[in-house]
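Single-structure report; data block below.
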Amino acid sequence: MISLIINGKEIDLDTPMSVLDAARQAGIKIPTLCHHEVLKPYGGCRLCVVEVERMPKLQNACQLMAADGMVITTESEEISEVRRSILEFLLINHPLDCPYCDKAGECELQDLVNMYGPTVGRYKEEKRKVPGSHKDVILARNMERCVVCTRCVRMCRDIQGASAISMVGRGNRTKMAPFSAESFNCEYCGNCLTVCPVGAILSRLYMHSFRPWQIDEEVDTICSYCGVGCSLSVQMRDDSIKRVVPKIGAGLNRGLLCARGRFGYEYMASSDRLTVPLVKNNGKHEESTWSEAIHIVAERLAEIKSRDGGSAIGGIASARCSNEDNYIFQKFIRMACGSNNIDSLSRIGFAAAQKYFEDLLGQGITANIIDGLKNSEVIFVLGGDPTAINPVLGLSIREAAMNGSKIFTLGYARGLDRFTALQIDVPVFKEADLLEELVVSVFTAKGVRGEKLDVDNGIRIISEKLSGYYDVNGFNEMKNSLLGSSSVSIVFGPDLVQRTDGHRSIFAVAGLTYLLEARLYLLSERPNEQGLIDMGCVPDMLPGGRPVDIHDFRSKFDLLWNGTVPAEDGLTLLEMMESMKRNEIKALYIMGDNPVFNLPDRPLVTEALEALDFLVVQDLYLSETAEMADVVFPATGWTETSGTYTNLERRIQLQKKAVHVTAGMDDWKIISDLSCKMGYHMSYSDAEDIMNEIAEVSPLYRDLSYREISRGNCLWPYHGEPLRGKINELPSIAESEDTYEADFYLAPDKPLFHSGTLSRMSPSLNRISPEPALKMSDEAADKLGLGEGDRVTFSTSLGSGEARVSIDYAIRDNKVLFSNNFRDNGVYGLLNYKMDRITKAPGIEGCEVSIKKMQEH
Amino acid sequence: MLNETALQEIQELKIRYPERESALLPALYIAQREFGWLSNEALLHVANVLNLPEAKVRGTASFYSMFKDKPAGRNIVQLCTNISCMIAGSDGLVNFLQTRYGMKPDETTPDGRFSLILMECIGACGTAPAMLVNTDFHENLTEQNIGEILETYK
Amino acid sequence: METVLLKNIDNPKSADIDEYLKAGGYRGLSKAVTLEPADIIEEVSKSGLKGRGGAGFPTAMKWRFAATDPKFPKYLICNADEGEPGTFKDRPILEKNPHLLLEGMAISAIALGSEQGYIYLRGEYPDARDILEASIRQANDRGYLGDDILGKGLTFNIHVHQGAGAYICGEETALIESIEGKRGQPRSKPPFPVNQGAWEMPTIVNNVETLANIPYIIEIGGDAYSGIGSEDCPGPKLFCVSGSVNRPGVYELPMGTSLREIIHDHAGGIKNGRTLKAVIPGGLSTPVLPAESIDCRMDFISMQGVGSMLGSGAVIVMDDSICMVSVTYRAMKFFEHESCGKCVPCREGTDWLRKVLERVENGKGREGDVDLLLYISGTMTGRTFCPLGDGAAGVVQAMIKHFRTEFEEHISEKKCTYKSIN
Ligand SMILES: Cc1cc2nc3c(=O)[nH]c(=O)nc-3n(C[C@H](O)[C@H](O)[C@H](O)COP(=O)(O)O)c2cc1C
Ligand code: SF4
Ligand code: FES
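Residue numbers (this note's numbering), protein chains in the order written: chain A, 3 to 859; chain B, 11 to 164; chain C, 144 to 565.
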């Protein structure tokens, strides 16, 4: 233990730290400018000087390690004098444009000058001219205001790992610049904004639109975009959101945000929002009233239920909605409509993988803390780019790499390009072969573990069919690293789920997880994919992961819910589509999703929806799907309603209402009103009321209250045995010996700047990324005679799209990638699929695409 | 584009150091040799060959005064003006170069023949004033001999 | 005294390995390969050698820190950045006696257990680069460097790494950043390079001249060496004399030779029959001394005693025609240009000082400017991240201390009274 005295106060430290940190811990403030708590000490500003007994000169507290017996004074006449003169030095070249600068009021330099007093202006010369730049779409640079603390650059390099900006020049000619000197062309995390102490980097989103002291309300909530669920604060003036800021040190993101989280908040205020219920009359939507619309829906659903039975009704829940919304939704479909046909679009990725992993390894297998990634020696990333799908999780991987962990990637992961020890290349769509070889060779080296006999047996079955020799570059290196490490993490993304034999990859990864005692992370594109499963928005499980087909559980819920839970497992998402086509499911209720655009094979989905007798959609906008609906309800969204979300690590967090709602109704409220109308009574005063019920019925959320959740750190890793009976299906070796010999294949791209179709309503994200791009390797571009930015049309057997070409060096095969974010120009609709027979996810691999250059006019 | 030899040289540089980033300064020298100066294009090439972030490459390059961020003439005249050379009359030489050859500090003559750079000490104080023309040292300069020396550079 | 560092350099082929061998080269290395690393360090310790790069840190102590650090690999870096204005002492070793340096590096590498060395050579020495690279090839071919030194199974390879015009990269931690491909800004110490230097590994940075002393120490033994020159910092020392003297140049003399002897006996006295006005004794960053002080001995301790520093031993001599304000102004232009920009006092202070000096020099000075200069430099002193900023402040303070009236005259007369300089 280290004991020291600061300003007469005795301080005991358990861990070594700087004098600055020791003082701060004890509540003693030492002024700093170049230091920032998320960054390493730099020692540039010299403001943190303190007196240390028996040391001749003043010392910098930020760099001086606290030592036993030190006696320190942090304020004295001499110290103030030094600080005052340092500030004077800083001001000689600093413009005095505070009245005009957005930072005024929260400027660290301004505050310090206030504290240590202004100095007589002894400086008579001209101030330095430093060109700034206002050409970037998001970030304005005012380099005359820069105090060269380099916090932005260190943040960008050491924490974000992007190194998109650098200090340029030397001495007093130093300034911060992105490579192009104008546009930042970066990841737009905006974390540089967080750390800039002065007005040198400012956001254009709110330029000159308010002063920091005019913020009249600040609500701490979470981001609505992905399955990480970063904490952030929404700052408001007059009931309108002025900006989103992170809270340093708070939440799992500890003050970091990505572009979507920080700049993507404007969608809520979009003028495209639905405001009143719409009812279709003679093929055209007409405005209606709430009571009329609810009446119509209740009547039609009841009619179909009594005519064709509950199983003629299906429900699609949403990973964008809260636990409370989803809980009410499934309760409604099960109890009011009498159907277990409940699923969500999560089935095409997260939910499918999640179920099979849990079947194999037990519940809770993916409940691992994101922060733990940085302590892994080896991280194996496959099936997606974490830095785009779950950006803040991606940062933990980068952090691990910067601290010396080895990162292996299989497949495209551009954001990890400079952080990987090795990128494994396999022939296109043959990842499962490699993974089976890998799990078998690890099994051979490690032997039977004997805890999960099904998995041991499964691997043995696979091994009988393999050659035992695998010739892929880097295979052995990766195998040996995995075997040699005691802390392996596996990060698994959706790409490998969306395969006809996706279960093979999942099984192999499960095997690796089990044999290596690895931590498994499932990337999650939307904020509540895990919560939706927990809430029972799956056809075979009730809330808390209780299997529908087990009588005891059902009867427990019968009692709790005061009715009869349908006994048979329902249909999964794609099965529902098939069933609708066959005219078996006749009515579909969709809460907050857009299957027409977000599912593969748009012609098939359209045909299925057209075959319905009745379609209801609840949404924020008139989506492609809502356009087809008989009734459309306007819902509320992020910042307009409260509710809890369960992130990919199974952290349950509260999303809080911040603004006054002018249109739309909470999802749960619409549904409970409807349910009452249909004769199944539901009555909740608010979302908290619903959570109280969830806490009662779900073993996973037992005793959970909003109070507890608000305190943070509500993590529920639950290491029970599988609750769903035995797994009956083990993977078999490659069923189809498909060969892939086309020139190019189309595959989905998961971009950083967009997420689903919400982000397209956010002007700022659209400014960063205004149109979709067809990404391809430089080799592919050469072969097609295309250059960066060329316009092309591309088509598959299902249709065609248009885009500009973007050459991406991280693509190393003949796939071309296209995103699914821009209206009527998305990838999924163009992909045909075959369903994986075990996971029920769509296999969208092997979709041939032809690409033609367009004439520019 | 960097030609094959240059690329090869850079590849060889990489193995001299435990980390590829360390090859940056020598690689920038090679790029400057090939392109004449470090244009955006040149910096991008170096960034790609070494797989380093572009902004970092610019940040490093811009710190060092011998890496040029604008095109230079055929011959680079680097005249020392630090104390010892100043005592020996380098300021006079600067004036002389301007009146006689139209050479101005940090500028290139209109015919593209010379760029003049005023240097900090170049380690020739014992034989001051001194200059480097391209990579050749010329010492004990006077208004007489500096003209003769420059005549040999076309 | 026999010359050690400049031995043989009048021989036009002195850089060639055969000439070097003929003159007794690589005898120190041949002896070193038979010694234990600790014994080599012990010899250097006995010699009392102090670093010649400016700070005068005991070489053996630095080596011992690095040698006892358990981390591997270890790196040896020769600091050949020689950027201190007025300094041109390392250049003759690099260009004319390169094998002496290589031999010195090889011996230290054995002492440290290092297998990889770099010579950080300033970009302004293109000839030296070619010469060093050729010499390294020769030494490799002859087995003095490479993977099996003198058949003893020892490995040591050297690469030349060229700087690119940044004075601060002579500072050892900035030098390391620069070798790592970064902007050359100093790192904080601790951790010291001997424990966590290049690529986070134990690293020794030694000046060219320091390393060039090693073969001789090993050859004649530390005790014998310690008898040369000053008692507390013995050995031969290179003094490079420039400015208003008749015979500027590099002189190898025993440490502790007096400034008077250096200027008058060796460098031939003041040029053009003028009188001595001031001396900057150890390179531009060291405080100026007035003519009265030249009886002091040139070694680390004596120079401190007269309020200056030995620095790099670069003696810049100024006669009575030279304007001290213009020298100070020129010096400040240098510091401003070379300030790395990391810390506020240096970055802003050098800028401000230069601007004030500029107006004083140009006859536009204002009353109070001398005090302003003292205020600015006082604020910088002891507050900057590395010694560059301190040095800049010290130069102004010493100039004003010894030549205040000259500054005041510039202000009151509104012109420079010494235009004869150009
Ligand atoms: C601003 C600054 C510039 C320096 N420049 C040089 C230099 O050019 N050459 C050198 O050998 N040491 C230089 N040094 C000293 C080095 O930091 C370091 O002390 C030296 O290389 C150690 O070698 P030595 O122990 O052999 O003297 C400089 C130090 C500072 C603070
Ligand atoms: S990582 Fe996900 S949760 Fe965090 S800010 Fe980005 S989109 Fe939002
Ligand atoms: S905070 Fe310590 S020097 Fe800036």
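Idealized CB from N, CA, C, for every residue including glycine.
Determine, using beta carbons only, whether residue i and residue j come nearer to each other than 8 angstroms.
{"i": "A/Gly538", "j": "A/Gln332", "result": "yes"}
{"i": "A/Lys855", "j": "A/Val818", "result": "no"}
{"i": "A/Ala25", "j": "A/Thr76", "result": "yes"}
{"i": "A/Pro568", "j": "A/Ser341", "result": "yes"}
{"i": "A/Arg322", "j": "A/Pro529", "result": "yes"}
{"i": "A/Gly385", "j": "A/Phe494", "result": "yes"}
{"i": "C/Val470", "j": "B/Ile20", "result": "no"}
{"i": "A/Cys228", "j": "A/Ile399", "result": "no"}
{"i": "C/Leu427", "j": "C/Glu549", "result": "no"}
Strictly under 8 angstroms for the Cβ-Cβ distance: is residue i near chain C by that measure?
{"i": "A/Ile88", "result": "yes"}
{"i": "B/Phe77", "result": "yes"}
{"i": "A/Phe91", "result": "yes"}
{"i": "A/His721", "result": "Since pLDDT at A/His721 reaches only 49, below the 50 mark, its modelled position is unreliable, and no value is offered."}
Under 6 angstroms Cβ to Cβ from residue i, same chain only, skipping five residues before and after it: list those, please.
{"i": "A/Tyr591", "result": "Gly317 and Val618"}
{"i": "A/Val73", "result": "Ile7 and Glu55"}
{"i": "A/Arg839", "result": "none"}
Taking 8 angstroms as the threshold (beta carbon to beta carbon), is residue i in contact with chain B?
{"i": "C/Tyr310", "result": "yes"}
{"i": "C/Val470", "result": "yes"}
{"i": "A/Arg825", "result": "no"}
{"i": "C/Gln305", "result": "yes"}
{"i": "C/Cys392", "result": "As written in the sequence, residue 392 of chain C is Gly, which differs from the Cys given in the question. For C/Gly392, the answer is yes, since a Cβ of chain B falls inside 8 angstroms of its Cβ."}
Between which residues of its own chain and residue i is the CB-CB distance below 7 angstroms, once the five residues before and five after are set aside?
{"i": "A/Thr17", "result": "none"}
{"i": "A/Ala613", "result": "Met582, Lys583 and Asn585"}
{"i": "C/Glu552", "result": "Thr560"}
{"i": "C/Val449", "result": "Leu432, Ser436 and Cys439"}
{"i": "A/Gly119", "result": "Arg86"}
{"i": "B/His148", "result": "Ala140, Met141 and Ile159"}
Residue i CB to nearest chain A CB: under 8 angstroms?
{"i": "B/Lys80", "result": "no"}
{"i": "C/Ser445", "result": "no"}
{"i": "C/His480", "result": "yes"}
{"i": "C/Gly492", "result": "yes"}
{"i": "C/Leu515", "result": "yes"}
{"i": "C/Gly266", "result": "no"}
{"i": "C/Lys507", "result": "no"}
{"i": "C/Ile564", "result": "A caution first: C/Ile564 carries a pLDDT of 45, below 50, which makes its placement in the model too unreliable to give a value."}
Measure the beta-carbon distance from residue i to residue j and round it to whole angstroms, keeping in mind my assumption that it falls under 8 angstroms.
{"i": "C/Val388", "j": "C/Val460", "result": "5 angstroms"}
{"i": "A/Arg48", "j": "C/Val487", "result": "6 angstroms"}
{"i": "A/Val115", "j": "A/Leu141", "result": "Contact doesn't hold; Cβ gap of about 25 angstroms is too wide."}
Using a Cβ-Cβ cut-off of 8 angstroms (strictly less than) and excluding sequence neighbours within five positions of residue i, which residues of its own chain qualify?
{"i": "A/Gly848", "result": "Phe431, Asp740, Tyr742, Ala744 and Tyr747"}
{"i": "A/Ile81", "result": "Val51, Val52, Glu53, Leu60 and Thr75"}
Residue ranges of each alpha helix (DSSP H) within the stretch 43 to 115 of chain A, 4 or longer = Listed in chain order, the complete alpha helix (DSSP H) runs (minimum 4 residues) inside the stretch 43 to 115 of chain A are 79 to 94.
Enumerate, from N- to C-terminal direction, the unbroken beta strand (DSSP E) stretches of 3 or more residues contained entirely within the stretch 217 to 278 of chain A.
-> Scanning the stretch 217 to 278 of chain A for uninterrupted beta strand (DSSP E) segments of 3 residues or longer gives 219 to 224, 233 to 239 and 242 to 247, listed from N- to C-terminal end.
Which parts of the stretch 332 to 384 of chain C are runs of the alpha helix (DSSP H), unbroken and 4 residues or longer, counting only runs that do not cross its ends?
-> Counting whole runs of 4 or more residues, the stretch 332 to 384 of chain C contains the alpha helix (DSSP H) stretches 336 to 339, 351 to 363 and 365 to 368.
Those runs of the beta strand (DSSP E) which lie wholly inside the stretch 94 to 155 of chain B and span at least 3 residues = Qualifying beta strand (DSSP E) stretches, in chain order: 124 to 129, 141 to 143 and 146 to 148.
Could you tell me which uninterrupted alpha helix (DSSP H) segments, each at least 4 residues in length, are contained entirely in the stretch 350 to 424 of chain A, listed from first to last along the chain?
-> Correct list: 352 to 363, 388 to 391 and 393 to 404.
What residues in the stretch 55 to 77 of chain B have a beta carbon less than 7 angstroms from any beta carbon of chain E?
-> Absent here is chain E; the protein component of the structure consists of chains A, B and C.
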